[in-house]
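Each remark here refers to the structure printed beneath this line.
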Amino acid sequence: MTSTPTATSATDARQFVAREHGLLIGGAWHPASDGGRLESVDPATGRPLTTLAAATPVDVDRAVGAARQALESSPWPALSPLDRGQVLLAIAELVEEHADELALIESLDNGKPVSVARAVDVGTTVKLFRYFGGWPSKLEGSTIPVSPRGGLRVLNYTVHEPVGVVGAIVPWNFPMSMASWKLAPALATGNTVVLKPAEETSLSTLRLAELCAEAGLPPGVLNVVTGLGSVVGAHISAHPGIDKVAFTGSTEVGRLVARAATGNLKKVSLELGGKSPHIVLPDADPVQVARAAADGIFFNQGQTCTAGSRLYVHEHVYDDVLAAVVDHARSLVVGPGQDPATEMGPLVSARQLDTVTAYVESGVEQGAVVATGGGRPACLPGENQHGYFIQPTVLTATDHSMKVVREEIFGPVLVAMRWKDVDDLVSKANDSPYGLSAGLWTNDLTQAHRIAAAVKAGTVWVNCYNLTDPASPFGGYKESGWGREMGRQVLEEYTETKSVWVNLT
Ligand code: NDP
């Protein structure tokens with residue numbers, strides 16, 4: 005796998021980025037109905053990258069109409085399961101073929117290192133379409149041994165049908181792969197989709213939509229409406245023509261989506277924020293753990309819902325682990341994502357930089373100590389002076405009364421705390437409105453299983469961190485969300501189960 009795009013793929017990516025992008029509705033590209041456009045900015049320089057169509061509610065209505073028509077009269081619902089699966093497999097092939105181009109588009113738009121975009125964003129997208137490409141031919145129902153009144157002889161069986169038109173609203177941290185987390189299972193189960201990417205990072209999703217069409221997805225099955233969340237996302241969430249909304253983003257907006265969906269009681273799945281505890285037991289190897297703890301927070305500039313943002317280290321190894329985490333943070337190369345040496349890129353936007361900076365300031369005001377980082381990196385190249393960079397940051401002397409411990413920062417800021425009693429540790433780990441994930445490091449099997457059972461989180465990693473797979477369910481307890489993405493569990497989110505009773509008497 006290369007992390008530097010070839011000359012051809014780099015040219016393709018830059019030409020794609022520079023285009024005047026439209027809305028994909030019913031298989032054709034359109035400007036917004038009122039001609040409105042949004043600027044997309046390069047986070048490494050703060051300069052405009054390109055413009056996007058800013059969809060209006062009228063455009064969303066058109067996209068929903070196209071998706072409904074495709075559901076009712078396009079070849080999509082009538083395709084045999086194997087043929088439907090084949091379209092998803094063809095999408096996976098095309099994404100893999102265009103991996104370098106897509107990785108560069110993602111890096112230019114989001115800021116992340118090209119190597120991360122290539123391995124994680126593109127790699128995950130390929131795996132998702134491959135995994136879900138196998139599902140259409142395996143969506144079996146059951147025959148159920150029922151006992152009806154009056155001695156009737158009855159055949160009762162279930163079938164799984166598409167839920168209908170799906171509205172998918174996705175964030176900016178892993179733009180194309182978050183879109184694919186929803187698209188792949190929604191398409192595998194025979195639905196049609198209206199997709200709204202994040203306003204900051206729509207480009208890779210627009211290119212993915214072109215590849216979906218090239219792979220044979222019929223017109224209208226996937227519609228993409230770029231624009232503002234308060235307009236496009238809100239209209240999708242409330243739309244009476246949409247049967248299900250699948251959302252990833254902040255808990256605050258997740259609540260708005262859930263409320264808006266009550267109009268037609270559409271189905272809702274929510275993948276929301278996190279403030280994940282990363283726990284180190286006294287027997288863990290400080291050097292190995294420090295590396296994992298640093299990766300757990302600094303990966304993707306800390307803009308990861310599963311970021312291991314609360315580090316709890318047993319007091320016997322706290323000093324050694326913290327010293328190694330700080331060393332690692334200081335060694336990370338921060339720079340533009342297109343420089344092969346870069347390990348951490350800029351944050352996605354000026355707004356996100358302001359948010360993260362304000363959190364560090366609030367931590368200091370409340371008594372936290374900046375062990376490293378906290379400001380802008382020195383020695384950035386001239387054109388990156390106005391980029392949205394921040395140093396990898398570690399805060400110590402923190403406690404659960406502080407905002408930086410309680411709230412999701414969504415940036416490269418780690419808060420570190422000592423512990424000595426395991427019951428107290430577990431109660432601190434669970435002292436959060438979130439419950440997305442947790443990590444723990446130990447060779448003590450009994451403690452590992454006990455803590456894994458006691459932590460209220462949808463995913464627990466033991467002696468590893470941030471592993472996900474299309475075959476494994478992912479989602480949150482508490483305010484981290486509703487429902488599960490991926491795995492066989494997600495199929496229920498995108499299907500209705502019909503129970504059929506046939507009187508054989
Ligand atoms: P948001 O929740 O605002 O955005 C996620 C998506 O929802 C975007 O497409 C956004 O559109 C859209 N949206 C915004 N407002 C509405 C609305 N009223 N109705 C429907 N959709 C809407 O996240 P942000 O981008 O503002 O990030 C803020 C915080 O959210 C982060 O700091 C982080 O804490 C959390 N977050 C969590 C993520 C996760 O993976 N769990 C991912 C991203 C963010 P638009 O792009 O126009 O804003």
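Mapping of the sequence shown onto my numbering: residues 5 to 509, in sequence order.
Virtual Cβ for every residue (Gly too), placed ideally from N, Cα, C.
Since we're looking at a predicted model, the values are computed, not measured.
Problem set entry | Pairwise C-alpha distance: Ile95 and Thr6 | On the sequence shown, residue 6 is found 2 positions in, with the first residue counted as 1. On the sequence shown, residue 95 is found 91 positions in, with the first residue counted as 1. Any reading at Thr6 is ruled out, since the residue's pLDDT is 42, under 50, leaving its predicted position unreliable.
For this session: Note the first and the last residue of the continuous alpha helix (DSSP H) segment covering Tyr161.
Result: Translated into positions along the sequence shown, residue 161 becomes position 157. Counting along the chain, Tyr161 falls outside any alpha helix (DSSP H), though it belongs to the beta strand (DSSP E) covering Val158 to Pro166.
Problem set entry | Member of Ile246, Tyr316 and Ala375 whose CA lies at the smallest distance from the CA of Pro396 | For the purposes of this step, residue 396 is identified with residue 392 of the sequence shown, where counting begins at 1. Selected option, being the one with the closest Cα: Ala375.
Exercise. Under 8 Å, do Glu387 and Thr49 count as touching if we go by C-beta distance?
Worked result: Walking along the sequence shown from the start, residue 387 turns up at place 383. Walking along the sequence shown from the start, residue 49 turns up at place 45. One thing to note: Glu387 has its Cβ within 8 Å of the Cβ of Thr49.
Exercise. Rounded to the nearest angstrom, how far is the Cβ of Val91 from that of Ala219, given a contact under 8 Å?
Worked result: Indexing the sequence shown from 1 puts residue 91 at position 87. Indexing the sequence shown from 1 puts residue 219 at position 215. For Val91 against Ala219, the beta-carbon gap comes to about 6 Å, under 8 Å, which counts as contact.
Exercise. Would the beta-carbon of Ser181 be found less than 7 Å away from any heavy atom of the ligand NDP?
Worked result: Here residue 181 is taken as the residue at index 177 of the sequence shown, counted from 1. No.
For this session: For His282, I'd like the list of residues in its chain whose CB is within less than 6 Å of its CB, leaving aside the five on either flank, ordered along the chain.
Result: The sequence position of residue 282 within the sequence shown is 278, counting from 1. Excluding sequence neighbours, His282 sits near Ala297, Gly300, Gly312, Leu315 and Gly443.
For this session: Rounded to whole angstroms, what's the CA-CA distance from Arg122 to Ala103? Just pull it up for me.
Result: Looking up residue 122 in the sequence shown gives position 118. Looking up residue 103 in the sequence shown gives position 99. Arg122 and Ala103 have their alpha carbons spaced roughly 6 Å apart.
Exercise. Can you tell me whether DSSP reads Leu199 as helix, strand or coil?
Worked result: As a working mapping, residue 199 is identified with position 195 in the sequence shown. Three-state result, Leu199: strand.
Exercise. Taking contact to mean at least 3 C-beta pairs separated by less than 8 Å, is the region 163-170 in contact with the region 34-46?
Worked result: Result no; under three Cβ-Cβ pairs closer than 8 Å.
For this session: With a threshold of 16 other CB atoms inside 10 Å of the CB of Pro149, please say whether the residue is buried or exposed.
Result: Residue numbering aside, residue 149 sits at position 145 when the sequence shown is read from its first letter. It counts as exposed.
Exercise. For Ala17, does the three-state DSSP call read helix, strand or coil?
Worked result: Counting from 1 along the sequence shown, the entry for residue 17 is found at position 13. In the structure shown, Ala17 sits in a helix (DSSP, three-state: H, G or I).
Problem set entry | Separation of Val409 from Asp403, as counted between CA atoms | Mapped onto the sequence shown, residue 403 falls at position 399. Mapped onto the sequence shown, residue 409 falls at position 405. Looking at the backbone, the Cα of Asp403 and that of Val409 are separated by about 7 Å.
Exercise. Do Ala74 and Val229 have their C-beta atoms within less than 8 Å of each other?
Worked result: The residue given as residue 74 occupies position 70 in the sequence shown. The residue given as residue 229 occupies position 225 in the sequence shown. Their beta carbons are not under 8 Å apart, which means Ala74 does not touch Val229 by this criterion.
Exercise. Which runs of the alpha helix (DSSP H) spanning at least 4 residues fall entirely within the region 276-338, listed in chain order?
Worked result: Restricting attention to alpha helix (DSSP H) runs no shorter than 4 residues, the region 276-338 encloses them at 290-302 and 322-335, ordered along the chain.
Exercise. Excluding the five sequence neighbours on either side, which residues of its own chain have a C-beta within less than 7 Å of the C-beta of Pro175, listed in chain order?
Worked result: What you label residue 175 is simply residue 171 of the sequence shown in a count that begins at 1. For Pro175, where only same-chain residues beyond five positions count, the Cβ hits under 7 Å are Met182, Ala202, Thr252 and Gly253.
For this session: Over the uninterrupted beta strand (DSSP E) stretch that includes Pro52, give me the two end residues.
Result: Locating residue 52 in the sequence shown gives position 48, where the first residue counts as 1. Pro52 to Ala57 is the extent of the beta strand (DSSP E) around Pro52.
Exercise. Taking 7 Å as the cut-off, is the CB of Asn177 close to at least one heavy atom of the ligand NDP?
Worked result: Numbered from its first residue, the sequence shown carries residue 177 at position 173. A distance criterion of 7 Å places the beta-carbon of Asn177 in contact range of the ligand NDP, judged by its closest non-hydrogen atom.
Exercise. According to the neighbour-count rule (16 or more other Cβ atoms, all chains shown, within 10 Å of its Cβ), is Cys383 buried or exposed?
Worked result: Against the sequence shown, residue 383 aligns to sequence position 379. So Cys383 counts as exposed.
For this session: Select from Arg334, Glu214, Asp247 and Ala190 the residue whose C-alpha is nearest the C-alpha of Gly30.
Result: Counted from its first residue, the sequence shown places residue 30 at position 26. Checking every option, the nearest Cα to that of Gly30 belongs to Glu214.
Exercise. Within the chosen definition, does the region 108-118 reach the region 153-162 through at least 3 CB pairs nearer than 8 Å?
Worked result: No contact exists between the region 108-118 and the region 153-162.
For this session: Taking only the alpha-carbon atoms, compute the straight-line gap between Asp125 and Ser353 and give it to the nearest angstrom.
Result: Mapped onto the sequence shown, residue 125 falls at position 121. Mapped onto the sequence shown, residue 353 falls at position 349. Asp125 and Ser353: Cα-Cα distance of roughly 19 Å.
Problem set entry | Per-residue burial, Lys142 [other beta carbons within 10 Å of its own, 16 or more giving buried] | By 1-based counting over the sequence shown, the position of residue 142 is 138. Around the beta-carbon of Lys142, fewer than 16 other beta-carbon atoms lie within 10 Å, marking it exposed.
Exercise. Excluding five sequence neighbours on each side, which residues of the same chain lie with their C-beta closer than 8 Å to the C-beta of Val21?
Worked result: Locating residue 21 in the sequence shown gives position 17, counting from the first residue. Only Leu53, Thr54, Ile109, Leu112, Asp113 and Leu207 meet the Cβ criterion.
Problem set entry | Host alpha helix (DSSP H) of Arg211 (start-end) | Within the sequence shown, numbered from 1, the residue matching residue 211 stands at position 207. For Arg211, the enclosing alpha helix (DSSP H) starts and ends at Leu207 to Glu218.
Problem set entry | Member of Val494, Ala475, Gly462 and Gln493 whose CA lies at the smallest distance from the CA of Tyr520 | Any property of residue 520 remains undetermined from this structure, which presents the chain solely from 5 to 509.
Exercise. Could you give the residue range of the alpha helix (DSSP H) that holds Trp185?
Worked result: As a first step, residue 185 must be located in the sequence shown, where it is residue number 181. Pro179 to Ala192 is the extent of the alpha helix (DSSP H) around Trp185.
Problem set entry | Distance between Tyr161 and Lys502 (C-alpha atoms, nearest Å) | The residue labelled residue 502 in the question sits at position 498 within the sequence shown. The residue labelled residue 161 in the question sits at position 157 within the sequence shown. Lys502 and Tyr161 have their alpha carbons spaced roughly 8 Å apart.
Exercise. How do the region 127-137 and the region 358-376 stand: do at least 3 beta-carbon pairs fall below 8 Å, yes or no?
Worked result: With the cut-off at 8 Å, the region 127-137 and the region 358-376 do not touch.
Exercise. In chain order, what residues of the same chain have a beta carbon less than 8 Å from the beta carbon of Thr361, not counting five sequence neighbours either side?
Worked result: Along the sequence shown, one-based indexing puts residue 361 at 357. Counting only residues of its own chain and dropping the five nearest sequence neighbours on each side, Thr361 has a CB closer than 8 Å to the CB of Ile394.
Exercise. Near Ala345, what residues of its chain come up, given a Cβ to Cβ distance below 6 Å and the 5 sequence neighbours on each side ignored?
Worked result: Along the sequence shown, one-based indexing puts residue 345 at 341. Excluding its 5 nearest sequence neighbours in each direction, Ala345 has C-beta neighbours in its own chain below 6 Å: Val337, listed in chain order.
For this session: Please name the residue in Glu412, Leu159, Gly415 and Glu496 whose C-alpha comes closest to that of Thr509.
Result: Residue 509 sits at position 505 when you count from the first residue of the sequence shown. Per the Cα distances, Leu159.
For this session: Identify whether Ser441 lies in helix, strand or coil by the three-state DSSP scheme.
Result: Here residue 441 corresponds to residue number 437 of the sequence shown, with the count starting at 1. In this structure, Ser441 counts as strand in the three-state DSSP scheme.
Exercise. In the structure shown, what three-state DSSP assignment does Phe393 receive?
Worked result: Taking the sequence shown and counting its residues from 1, the one referred to as residue 393 is at position 389. Here Phe393 sits in coil by DSSP.
For this session: Assign Ala414 to one of three DSSP states: helix, strand, or coil.
Result: Translated into positions along the sequence shown, residue 414 becomes position 410. Position check: residue 414 holds Phe in this sequence, whereas Ala was assumed. Phe414 falls in the coil class under three-state DSSP.
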